[in-house]
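Okay, structure first, notes after.
Chains as they are written, first to last, in the working numbering: chain A, 1 to 113; chain B, 1001 to 1114.
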């Protein structure tokens, strides 16, 4: 069964450092997303990406965040200068077409120290 | 604005008993509704969805959910709970016209005791 894969599974970084979280969505999917889940809280939408551009972003997704799909398979989330409050589980998701369910990766646990 | 409410932080049931996890939503227009399950240190797994049609939808692992438009609810049910159903359950909503983003409820922990 096709799946969304994310690497690394766990990343520890110093405050102020840049991190890149990587995702490989399911190959024939067209819509891509990043969500985050702060420990013990609900899953929050960060950004959606379609046709090689951001289609929507939340207020959380400020100038410190960026997304790319550089080679048609990988989908990355970059945080330029991490803050303590960026510590969370980050999930990548993809959808084949609107109306279909989203498939989520296993997540990357980001710990900022 | 879209929103989803799961009024119970935790639901406890005995194995073999029926279970219900509640979800209500607020969205303009006809919603797309979803249930996901999350096991410890794992990603979100899709259980079932309502897009249109029959109000009772069946999903994975024997789960089903009933869409009730007048009550704006989409409760998750299972006739006979298993210990292995113990997990965190999220209800989510999506407006048909938007970019496909999901708005999640805060989650309900289901504890099934032997």
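Idealized CB from N, CA, C, for every residue including glycine. Small disclaimer: the values here were computed from a predicted structure and weren't measured.
Interface criterion met: the Cβ of residue 1101 of chain B is under 9 Å from a Cβ in chain A. The way I'd put it, the region 1023-1038 of chain B does touch the region 1083-1100 of chain B; three or more beta-carbon pairs between them come closer than 8 Å. Taking a cut-off of 8 Å on C-beta distances, the region 30-43 of chain A touches the region 88-106 of chain A, as three or more cross pairs fall below it.
The alpha-carbon separation between residue 1097 of chain B and residue 110 of chain A amounts to approximately 32 Å. Flagged as an interface residue toward chain B: residue 48 of chain A, by a C-beta distance shorter than 9 Å.
For residue 1077 of chain B, the pairing in a beta bridge is given by DSSP as B/1020, B/1064.
Counting of Cβ neighbours within 10 angstroms places residue 1031 of chain B among the buried residues, the total reaching 16 or more. Non-local C-beta neighbours of residue 1026 of chain B in its own chain, meaning closer than 7 Å and more than five positions away in sequence, comprise 1002, 1003, 1072, ordered along the chain. Contact between the region 75-85 of chain A and the region 16-28 of chain A is present, with at least three C-beta pairs closer than 8 Å.
Taking CB atoms only, residue 1067 of chain B has no neighbour in chain A less than 9 Å away. Taken in chain order, the members of the region 12-43 of chain A whose beta-carbon sits within less than 8 Å of a beta-carbon on chain B are 31, 33, 35, 41, 42, 43. No alpha helix (DSSP H) of 4 residues or more sits fully in the region 1022-1052 of chain B. Counting only Cβ-Cβ distances below 7 Å, residue 1106 of chain B has contacts in chain A at 42, in chain order. Counting only residues of its own chain and dropping the five nearest sequence neighbours on each side, residue 1029 of chain B has a CB closer than 8 Å to the CB of 1095, 1096, 1097.
Neighbours of residue 1032 of chain B in chain A, taken as residues whose beta carbon is under 8 Å from its own, are 99 in chain order. In the DSSP annotation of this structure, the continuous segment of the beta strand (DSSP E) that includes residue 1056 of chain B starts and ends at 1056-1058. Within the region 51-89 of chain A, the complete beta strand (DSSP E) segments at least 3 residues long are 53-57, 65-68, 75-79, listed from N- to C-terminus.
A/90 is the residue among A/74, A/90, A/52, A/103 whose C-alpha sits nearest the C-alpha of residue 44 of chain A. From the beta-carbon of residue 1049 of chain B, the residues of chain A found nearer than 8 Å are 101. Distance between residue 1075 of chain B and residue 64 of chain A, taken at the CA atoms: about 38 Å.
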